[in-house]
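J.:
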Amino acid sequence: MTDYLWLLVALPLAGAVVNLFIGRRLGEKVAGWFGFGIVAAAFLIAFFAGVGFLGGDKLAETVLFFSWIPSVGADVAFLWDPLSVLLTLIVTGVGALIHLYSIGYMHGDARFPRFFAFLNLFIASMLILVLASNYALMFVGWELVGLSSYLLISFWFEKPSAAAAGKKAFIVNRIGDWGFLVALMIIFATFGTFDFQTIFAETPVLFGVGAGTITAITLLLFVGAAGKSAQIPLYIWLPDAMEGPTPVSALIHAATMVTAGVFMIARSAVLFDYAPTTAAIVAVVGAATALLAAVIAVAQTDIKKVLAYSTISQLGYMVLAVGVGAYSAGLFHLTTHAFFKALLFLGAGSVIHALAGEQDMRRMGGLRKVMPVTFITMGIAWLSIAGIIPFSGFWSKDEILAATFAKGGWWIGLWAIGIVVALITAFYMTRLFVMTFLGDSRAPEGVHPHESPATMTTPLIILAVFSAGIGGLNTPWQLVFEHYLEPAFAGVMHPAEAEFSTLFWLGAVALLVAVTGIVIAWRRYGRAELPAEDGSFWTNALGAFGVDDFYGRWIVAPGRRVAEWWASVFDPKVIDGGVHGIARLVTGSGDELRILQSGQVRWYASGVAIASVVLLVLFLILGGAF
Amino acid sequence: MGETITFIIFAAVAIAGAATMLMARNPVYSAVGLLSTMFAIAILYILLDAHLVAVVQVIIYAGAVMTLFLFVIMLIGVDRPGAYGERPLSQRIMTGVVAVGFFAALALAGRQAWVTGSSAFGAPDLNGTIETVADELFGTWTIVFLATVILLTIAALGTIALAYFDQDAEEEGAS
Amino acid sequence: MTVTVTWYLLLGAALFSMGVAGVMIRRNALIMFMSIELMLNSVNLTFVAISKDLGLIEGQVAALFVMVIAAAEVTIGLAIIVAIFRKKASANVDELAELKG
Numbered sequence: 044m045t046d047y048l049w050l051l052v053a054l055p056l057a058g059a060v061v062n063l064f065i066g067r068r069l070g071e072k073v074a075g076w077f078g079f080g081i082v083a084a085a086f087l088i089a090f091f092a093g094v095g096f097l098g099g100d101k102l103a104e105t106v107l108f109f110s111w112i113p114s115v116g117a118d119v120a121f122l123w124d125p126l127s128v129l130l131t132l133i134v135t136g137v138g139a140l141i142h143l144y145s146i147g148y149m150h151g152d153a154r155f156p157r158f159f160a161f162l163n164l165f166i167a168s169m170l171i172l173v174l175a176s177n178y179a180l181m182f183v184g185w186e187l188v189g190l191s192s193y194l195l196i197s198f199w200f201e202k203p204s205a206a207a208a209g210k211k212a213f214i215v216n217r218i219g220d221w222g223f224l225v226a227l228m229i230i231f232a233t234f235g236t237f238d239f240q241t242i243f244a245e246t247p248v249l250f251g252v253g254a255g256t257i258t259a260i261t262l263l264l265f266v267g268a269a270g271k272s273a274q275i276p277l278y279i280w281l282p283d284a285m286e287g288p289t290p291v292s293a294l295i296h297a298a299t300m301v302t303a304g305v306f307m308i309a310r311s312a313v314l315f316d317y318a319p320t321t322a323a324i325v326a327v328v329g330a331a332t333a334l335l336a337a338v339i340a341v342a343q344t345d346i347k348k349v350l351a352y353s354t355i356s357q358l359g360y361m362v363l364a365v366g367v368g369a370y371s372a373g374l375f376h377l378t379t380h381a382f383f384k385a386l387l388f389l390g391a392g393s394v395i396h397a398l399a400g401e402q403d404m405r406r407m408g409g410l411r412k413v414m415p416v417t418f419i420t421m422g423i424a425w426l427s428i429a430g431i432i433p434f435s436g437f438w439s440k441d442e443i444l445a446a447t448f449a450k451g452g453w454w455i456g457l458w459a460i461g462i463v464v465a466l467i468t469a470f471y472m473t474r475l476f477v478m479t480f481l482g483d484s485r486a487p488e489g490v491h492p493h494e495s496p497a498t499m500t501t502p503l504i505i506l507a508v509f510s511a512g513i514g515g516l517n518t519p520w521q522l523v524f525e526h527y528l529e530p531a532f533a534g535v536m537h538p539a540e541a542e543f544s545t546l547f548w549l550g551a552v553a554l555l556v557a558v559t560g561i562v563i564a565w566r567r568y569g570r571a572e573l574p575a576e577d578g579s580f581w582t583n584a585l586g587a588f589g590v591d592d593f594y595g596r597w598i599v600a601p602g603r604r605v606a607e608w609w610a611s612v613f614d615p616k617v618i619d620g621g622v623h624g625i626a627r628l629v630t631g632s633g634d635e636l637r638i639l640q641s642g643q644v645r646w647y648a649s650g651v652a653i654a655s656v657v658l659l660v661l662f663l664i665l666g667g668a669f
Numbered sequence: 123m124g125e126t127i128t129f130i131i132f133a134a135v136a137i138a139g140a141a142t143m144l145m146a147r148n149p150v151y152s153a154v155g156l157l158s159t160m161f162a163i164a165i166l167y168i169l170l171d172a173h174l175v176a177v178v179q180v181i182i183y184a185g186a187v188m189t190l191f192l193f194v195i196m197l198i199g200v201d202r203p204g205a206y207g208e209r210p211l212s213q214r215i216m217t218g219v220v221a222v223g224f225f226a227a228l229a230l231a232g233r234q235a236w237v238t239g240s241s242a243f244g245a246p247d248l249n250g251t252i253e254t255v256a257d258e259l260f261g262t263w264t265i266v267f268l269a270t271v272i273l274l275t276i277a278a279l280g281t282i283a284l285a286y287f288d289q290d291a292e293e294e295g296a297s
Numbered sequence: 081m082t083v084t085v086t087w088y089l090l091l092g093a094a095l096f097s098m099g100v101a102g103v104m105i106r107r108n109a110l111i112m113f114m115s116i117e118l119m120l121n122s123v124n125l126t127f128v129a130i131s132k133d134l135g136l137i138e139g140q141v142a143a144l145f146v147m148v149i150a151a152a153e154v155t156i157g158l159a160i161i162v163a164i165f166r167k168k169a170s171a172n173v174d175e176l177a178e179l180k181g
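Residue numbers (this note's numbering), protein chains in the order written: chain H, 44 to 669; chain G, 123 to 297; chain A, 81 to 181.
Here it is, written out as structure tokens:
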């Protein structure tokens, strides 16, 4: 079955090409279902090829396609192990559902086929990233994913804000990519290859724990991850990325692309094992990001912005997990988050679609009567992300917090932050849910919300089922998920394990905190009149604490001034001046030399005569006549 | 002795004729000056035993070429003196320098012989009669001779062409 | 004192220089042309003189050839001057500056 792995990337790429060139002729229906069918086929291939790993005895395989740069160990080859299978299934599974959803959501858009082409391109890119067997190929996928993100965010490029958002995402990502690239250079200089298995086998041999080289590599890798996974200080692009169509937000900025950073750290687990300093930094940044984003999310009024900051916050949880060394916990949260965040975004899209483009929650309300399917499915997602038992979010979030707590010492401070974030998460998600679905409708006149078509509600239902049930994969009693991933983390140190009783109490505390948050929000926002949100806290949080302005003033503006200086002073004066100067030199000397061309015969004759005399004298001298 | 005196006299005539040619205002005077120079040179040829060349010089150069010159001068009507202005001084100086330079270079080049005062001509009796020259001309240099024939033909044709085309153009321009 | 070849050569050089001066200094096209003829003549003189000095007849042959060519050249040259004069009514070479750069 692994013979067909190349189809995983080839099919979406082919789909992208087809939709790009003849999509218009295919028509909306065909283009859309074709795009969906491609990704669904990819999912099935991945499933049948990867199901063998569940038993735990299938070995990881490297499927080589062709040698790309053999001297640096960069081949076009896929590493097919439990980790890549997991991500592949998530990407293609959630991706297929979102393709299906987009058929309904993007109906009537002028560039419908191109949307599906870009979505397919993204799937292909993400799969390259996930399946790569070496850092070089992973970086190729990394960059392609960034490109796809840019194309999709600025899909409605006629809107200047969308175009600017796409640019911002790409540029901020680029800063992260710089870190990744420098890390790659050091990796190559140290190991002489990019191949994962070679590097991970060499690391214990060459280095001891805490070696400087490995710390440098991992720190720079984390810079790259911070760019893609929207951690401090490179998260600013994600809220702006909400300019893209909602399916894009669901797929890329919730379920898949933003998790690439977490995936990359998990893939490099061996390296991070040998750099505890970096791991600590990673965990701290993750926790801080989770906290900051959650606080900002509390005050947002745009439903998509709330979800965007929520994504940043949950990514912070995942980053905290891998920083603590609990890789399977982080990946489990990645999985559950993929489902319930995608569901939340798609549901929000359903709401926006029903309200004819309205995104401000202050003008929503009372939608539960009109959109029952959306209401129920989003309700499941809400409970999941808030961390209510038995939904999946509870189990995954709890595992992360337990692993953090179990490390003891100052790590408990991070646990405390995690608990606070859980409280705030429950609070703002309840706020969102209540403002959107409960109470009376605050929609303006003429807006008649209705339930979305089946192509949009079916994915919601499927995702809701998973959001609810997938928690069963990794309960403390049945660590199916962890066992499944074990082969992929064979050489890595295990995170600290807590006793079952500790787990129980930690879980109880988390649950209590979540319920508290829900109750507070419910009572505050469940009233007939929305409470006023105009204190200084609310205003600052709404403005994301001015981080964007800070960057703009201290980084962007000076950079722009430098660029302007170069453009207005250096370029015209020095470079243009040089070029013009050469031209002037030529014309000037031409003007001077023109005198020789007097057109006068006698002048020419004189010239000949003088030259003859000179030559004659010269020859006579050379001939020794004098 | 007689040879020396003859040489000196006719050399002087040649120089004088050349000077006239250079400096006369009236072009006709210049032509006559050149004519006399050519005659003088013809005499010098005789002194050098180049009898054929001397005669040809008189017939062709003095007889045809200078006559042609005079025809054209008359035809064009530039025989009025003073039709052209003065030369600027700088040009005159430059010309003088160049001319003197030429002469000096050439003279200095041959000064060994000049200083040492080599003897008389190496081959005192060259006998430049028709027979001798013809033997050379039609013997060794046949092809060159034929080429000059072609050259003259082409020159004649070219002159006719110039005259005719010019006439045609004038007629068209007038009509 | 006898006449040596050097005398003839010097005379030739002097005539040649005067011809050069004539070409450079006179504006009348016809006189320029005559100066050129003078130069050719001086060269002829040199040829013949050296021919006598070396005892070779080729010098005189060369002089003959030069005369032929000079004749042909005069023909064409005068025809051109006449043609120009028809156009411009002047034989002043200074006015023939159409190739001015």
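Even glycine gets a Cβ: it sits at the ideal position worked out from N, Cα and C. Model, not experiment: these values are computed from the prediction.
Below 7 Å on C-beta distance, what does Ser632/H contact in chain A?
T.: Under the 7 Å cutoff, chain A gives no residues; its nearest Cβ is about 13 Å from Ser632/H.
J.: Buried or exposed: Met104/A, going by 16 or more other Cβ atoms within 10 Å of its Cβ?
T.: Buried, by the Cβ-count rule.
J.: Residues in the same chain with beta-carbon distance under 6 Å from Ala446/H, minus the five sequence neighbours each way, listed in chain order, please.
T.: The residues are Val367, Ala369, Ala372 and Pro538.
J.: According to DSSP, which residues form a beta bridge with Ser110/H?
T.: Paired residues: Asp118/H.
J.: Does any residue of chain B have a CB that is nearer than 8 Å to the CB of Asp133/A?
T.: Absent from the structure: chain B. Protein chains present are H, G and A.
J.: Going by beta-carbon coordinates alone, are Ala159/A and Ala153/G separated by less than 8 Å?
T.: Contact: no.
J.: Mind checking whether Leu56/H and Ala167/H have CB atoms under 8 Å apart?
T.: Against a cut-off of 8 Å, the Cβ pair of Ala167/H and Leu56/H comes out as a contact.
J.: Which same chain residues, not among the five before or five after Asn62/H, have their C-beta less than 8 Å away from its C-beta?
T.: If we look at Asn62/H and ignore the five residues flanking it on each side, its Cβ neighbours are Leu69, Ala74, Phe77, Gly78, Pro156, Arg157, Phe159, Ala160 and Asn163.
J.: Do you know offhand how far Ala254/H's Cα is from Lys348/H's?
T.: For Ala254/H and Lys348/H, the distance between alpha carbons rounds to 41 Å.
J.: In chain G, what lies closer than 7 Å to Ile638/H by C-beta?
T.: Simply none; closest approach about 14 Å.
J.: Any C-beta of chain H within less than 7 Å: which residues of the segment 142 to 161 of chain G qualify?
T.: Within the segment 142 to 161 of chain G, no residue qualifies.
J.: Can you pull the DSSP bridge partners for Ala16/H?
T.: Nothing about residue 16/H can be reported from this structure: the residues present for chain H run from 44 to 669 only.
J.: Please compile the residues from chain G whose C-beta is within a distance smaller than 9 Å of the C-beta of Met104/A.
T.: Here the neighbours are Gln213, Met216, Thr217, Val220 and Ala221.
J.: Give me the DSSP bridge partner(s) of Asn172/A.
T.: Beta-bridge pairing links Asn172/A to Asn108/A.
J.: Which residue's Cα is closest to the Cα of Leu414/H: Ala429/H, Val394/H and Ala59/H?
T.: Here residue 414/H turns out to be Met, not Leu, going by the sequence shown. The candidate whose alpha carbon is nearest that of Met414/H is Val394/H.
J.: For Ser176/H and Thr105/H, which I take to be in contact (beta-carbon distance under 8 Å), what is that distance rounded to the nearest angstrom?
T.: Indeed they touch by this definition, with Cβ atoms about 5 Å apart.
J.: Check for me: the alpha helix (DSSP H) holding Arg310/H runs from which residue to which?
T.: First-last of the alpha helix (DSSP H) with Arg310/H: Ala303 to Arg310.
J.: Who are Asp441/H's beta bridge partners in DSSP?
T.: Answer is none; Asp441/H lacks a bridge partner.
J.: Counting only Cβ pairs nearer than 9 Å, list the residues of chain G close to Ser649/H.
T.: Those are Gln213, Met216, Thr217 and Val220, listed as they occur along chain G.
J.: For Glu104/H, which beta-bridge partners are listed by DSSP?
T.: Glu104/H is bridged to Trp123/H.
J.: For Asp619/H, which of helix, strand or coil comes out of DSSP?
T.: Reduced to three states, the DSSP call for Asp619/H is helix.
J.: In whole angstroms, give me the CA-to-CA distance for Phe223/H and Gly578/H.
T.: Cα-Cα distance, rounded: 41 Å.
J.: Please state whether DSSP places Asp345/H in a helix, a strand or coil.
T.: Of the three classes helix, strand and coil, the one that applies to Asp345/H here is strand, per DSSP.
J.: If the cut is a Cβ gap below 7 Å, which residues of chain A does Val175/G touch?
T.: Those within 7 Å of Val175/G in chain A are Val128, Gln140, Ala143 and Leu144.
J.: Would you say Tyr167/G and Val128/A are within 8 Å of each other, going by their C-beta atoms?
T.: Yes, they are a contact pair.
J.: With a floor of 4 residues, list each alpha helix (DSSP H) that falls wholly inside the segment 148 to 176 of chain G, ordered by position along the chain.
T.: Whole alpha helix (DSSP H) segments, 4+ residues: 149 to 169.
J.: Taking 8 Å as the CB-CB cut-off, is Val100/A touching chain H?
T.: Yes, its Cβ sits closer than 8 Å to a Cβ of chain H.
J.: Distance, Cα to Cα, Met188/G vs Ser212/G?
T.: Answer to the nearest angstrom: the Cα atoms are 31 Å apart.
J.: According to DSSP, simplified to helix, strand and coil, what is Asp316/H?
T.: Looking at Asp316/H - three-state DSSP - the assignment turns out to be helix.
J.: Please check the pair Ala208/H and Asp152/H, which I expect to be a contact at CB under 8 Å, by giving their CB distance rounded to whole angstroms.
T.: Not really, about 18 Å apart at Cβ, beyond 8 Å.
J.: Counting only beta-carbon atoms, is Phe224/G nearer than 8 Å to chain H?
T.: So, interface residue.
J.: Run through DSSP, which three-state label would Asp403/H get?
T.: Here Asp403/H sits in strand by DSSP.
J.: Any chance the segment 129 to 143 of chain H sits against the segment 272 to 288 of chain H, with 3 or more Cβ pairs inside 8 Å?
T.: Counting Cβ pairs under 8 Å, fewer than three are found: no touch.
J.: Does any C-beta atom of chain G lie closer than 8 Å to the C-beta of Ile78/A?
T.: This structure leaves residue 78/A out entirely; chain A is present only between 81 and 181.
J.: In chain order, what residues of the same chain lie with their CB nearer than 7 Å to the CB of Ile563/H, ignoring the 5 residues before and after it?
T.: The answer, listed in chain order, is Phe470.
J.: So, with DSSP's three-state summary, where would you put Asp238/H?
T.: In the structure shown, Asp238/H sits in a strand (DSSP, three-state: E or B).
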